[in-house]
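J.: Residue numbers (the working numbering): 12 to 410. Backbone N, C-alpha and C define an ideal beta-carbon position, used for all residues, glycine too. Every value quoted in this text rests on a predicted model; they were computed, and no experiment measured them.
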Amino acid sequence: MKKIALGVTSSISIYKACEILRGFQKKGVDIQVIMTPNAAKLISPRLFSALSGKKTAVDLFGDADSDRIAHISLAEEISLLVIAPATANIIAKLANGVADDFLSTFFLAVRCPVLVAPAMNEAMYRHPQTQANILRLQAAGVEFILPEKGYLACKEEGWGRLVAPEKIIEQGLALLEKGESLKAKTVLVTAGPTREPLDPVRFLSNRSSGKMGYALAGEALRRGARVILISGPTSLFPPLGAELLPVETAADMAREVKKNLSRADVLIMAAAVADFRPAERSKQKIKKKKAPSALNLVPTEDILASLDRPGGRSKKVIIGFAAETANVTANASRKLREKKLDLIVANDVSREGIGFDSDFNQVVIIDRKGAVAESPTASKRELSRLVMDRVEGLLGRKK
Ligand SMILES: Cc1cc2nc3c(=O)[nH]c(=O)nc-3n(C[C@H](O)[C@H](O)[C@H](O)COP(=O)(O)O)c2cc1C
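(1) Out of M399, V374, R396, point me to the one whose CA is closest to P387's CA.
(2) If I follow the unbroken beta strand (DSSP E) through S242, where does it start and stop?
(3) Pick out whichever of R213, E188, Y225, W170 has its Cα sitting closest to the Cα of K298.
(4) So what does DSSP say about F332, is it helix, strand or coil?
(5) Between which residues of its own chain and E385 is the CB-CB distance below 7 Å, once the five residues before and five after are set aside?
(6) Which residue wins for smallest C-alpha separation from A120, given the options R137, L92, A128?
(7) Where does P129 land, buried or exposed, given buried means 16+ other C-beta within 10 angstroms?
(8) Tell me which residues share the same chain as G252 and place their Cβ nearer than 8 Å to its Cβ, disregarding the 5 neighbours each side in the sequence.
(9) With DSSP as the reference, please indicate the residues paired to R288 in a beta bridge.
(10) In terms of residue numbering, what span does the beta strand (DSSP E) encompassing E385 cover?
(11) Report the three-state DSSP secondary structure of T388 (helix, strand or coil).
(12) Would you grab the beta carbon distance between T20 and P96 for me? Rounded to a whole angstrom, and I think it's under 8 Å.
(13) Does the Cβ of L126 have 16 or more other Cβ atoms within 10 Å, making it buried, or fewer, making it exposed?
(14) Taking the beta carbon of M46 as the centre, do at least 16 other beta carbons fall within 10 Å, making it buried, or is it exposed?
(15) Take R218 and list the residues in its own chain whose beta-carbon comes closer than 7 Å to its own, dropping the five residues that flank it on each side.
(16) Is the stretch 150-158 close to the stretch 33-45, with three or more CB pairs under 8 Å?
(17) Assuming G203 and G243 form a contact by the criterion Cβ under 8 Å, report the distance between their Cβ atoms to the nearest whole angstrom.
(18) Residue ranges of each beta strand (DSSP E) run of no fewer than 3 residues wholly in the stretch 84-163, ordered along the chain?
(19) How would you call V309, buried or exposed, if buried means at least 16 neighbouring beta carbons within 10 angstroms?
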């Protein structure tokens with residue numbers, strides 16, 4: 012029996028939390044309710060204790076005699092945290108890592124997927140601060156089921172109404188299921204740029220931010236996979252739970268991929284690996300007066316071409332990425348064939364506002380049969396879902 016934690020905060024729609032609890036129970040899910048102290052001023056925690064059959068957690072320091080640290084041990088037991096209804100206040104606290112009560116502290120301790128269903132007055136919902144907090148949490152991998160337009164408790168019609176409990180239950184159950192879909196699989200993801208040094212202080216690199224690779228690693232983790240993330244230098248925080256192997260040059264990246272490939276069922280090459288590097292690397296900083304008038308470049312190792320794949324294609328699922336500035340589909344299709352990939356995800360990096368360093372992208376996904384699927388412009392998070400859905404399909408076929 013799967014166990015989830017239901018976080019309940021002090022929104023006027025708190026009464027719907029009882030229905031959410033019952034709905035999950037009917038689907039055979041075990042529930043531990045956690046209320047904020049303010050929520051406990053609106054409804055007695057006893058009601059939730061009676062419905063769930065477990066003492067509702069409210070006070071972080073409540074059980075003075077216990078030798079368990081309740082929020083840590085509970086975090087290890089659950090497969091999903093649902094916060095419904097979620098106030099503007101809890102969203103702000105989660106977005107900023109504030110941990111001053113049981114629920115907000117618990118949020119920082121969990122490793123499972125988190126689903127947040129906000130409910131508030133329209134002005135509070137539309138406030139730029141609330142919107143920024145939601146975006147920040149979404150970027151960190153928190154799932155949202157955003158409020159609807161409707162009649163609000165403040166007697167106004169507007170955005171901010173908690174979605175119907177059935178929708179929260181449906182999305183929660185989908186997350187529980189997805190949390191297992193890549194269980195026992197290991198996904199190796201490469202991400203970010205590489206740096207090819209000229210001297211101890213200068214290097215050649217590219218505009219990759221690593222956001223796509225990190226989003227893929229996060230999505231694989233949410234589906235229960237073991238994730239090895241081989242990353243060039245980025246300013247991103249690695250997804251929790253990933254085994255991070257930081258590298259700098261294309262040669263470092265090639266070495267780490269070869270070393271770890273045997274452990275992986277899936278290889279996703281999302282890194283923007285340098286195609287060439289300076290032929291010479293000066294041990295000392297090159298002095299301004301001695302600056303070379305031209306740079307001599309040599310090709311770096313082609314990682315995908317160098318992989319040992321007996322019989323041409325291995326049982327592993329191998330996905331490549333192509334950053335193109337023209338003839339995107341034709342160039343990507345050629346790369347797919349030449350490198351014996353199962354799938355290639357290509358994008359036009361010459362387009363403004365998407366691709367490199369952006370949170371958004373628009374891609375074409377091409378498979379071995381030549382089928383081309385064009386995505387809408389979407390967040391890298393959403394695109395990572397599309398790619399991982401395809402990975403699951405390919406894994407099924409390679410069994
Ligand atoms: C009757 C009442 C209803 C409220 N409803 C909401 C609401 O729907 N959404 C919201 O964000 N805040 C609402 N608030 C304000 C929150 O309760 C307040 O911001 C509180 O500090 C949130 O605490 P918590 O997030 O720890 O539960 C309401 C307050 C009261 C008194």
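T.: Reading it off the structure:
(1) Position 376 of the sequence shown, counted from the first residue, corresponds to residue 387. Measuring from the Cα of P387, the nearest candidate turns out to be V374.
(2) On the sequence shown, residue 242 is found 231 positions in, with the first residue counted as 1. Run containing S242: 237-242, per the beta strand (DSSP E) assignment.
(3) Looking up residue 298 in the sequence shown gives position 287. Of R213, E188, Y225, W170, the residue nearest in Cα terms is R213.
(4) Start at 1 with the first residue of the sequence shown, and residue 332 comes out as number 321. F332 falls in the strand class under three-state DSSP.
(5) As a working mapping, residue 385 is identified with position 374 in the sequence shown. Residues of the same chain with a CB within less than 7 Å of the CB of E385, apart from the 5 flanking positions on each side, are V375 in chain order.
(6) The count along the sequence shown starts at 1 and reaches residue 120 at position 109. Check the Cα spacing between A120 and each of R137, L92, A128: the tightest is with L92.
(7) On the sequence shown, residue 129 is found 118 positions in, with the first residue counted as 1. Classification for P129: buried.
(8) As a working note, residue 252 is residue 241 in the sequence shown. If we look at G252 and ignore the five residues flanking it on each side, its Cβ neighbours are R122, L232, V238.
(9) Here residue 288 corresponds to residue number 277 of the sequence shown, with the count starting at 1. According to DSSP, R288 bridges with V309.
(10) Against the sequence shown, residue 385 aligns to sequence position 374. Per DSSP, E385 belongs to the beta strand (DSSP E) from 383-385.
(11) Here residue 388 refers to the residue found at position 377 when the sequence shown is read from its first residue. Of the three classes helix, strand and coil, the one that applies to T388 here is coil, per DSSP.
(12) The count along the sequence shown starts at 1 and reaches residue 20 at position 9. The count along the sequence shown starts at 1 and reaches residue 96 at position 85. The pair is a contact, with the Cβ atoms about 6 Å apart (cut-off 8 Å).
(13) Translated into the one-based positions of the sequence shown, residue 126 becomes position 115. Buried.
(14) By 1-based counting over the sequence shown, the position of residue 46 is 35. By the 10 Å Cβ count, M46 comes out buried.
(15) Within the sequence shown, the letter at position 207 stands for residue 218. F367, D368.
(16) no
(17) Taking the sequence shown and counting its residues from 1, the one referred to as residue 203 is at position 192. Taking the sequence shown and counting its residues from 1, the one referred to as residue 243 is at position 232. With a Cβ gap of about 4 Å, G203 and G243 count as contacting.
(18) 91-97, 125-129, 159-162
(19) As a working note, residue 309 is residue 298 in the sequence shown. So V309 counts as exposed.
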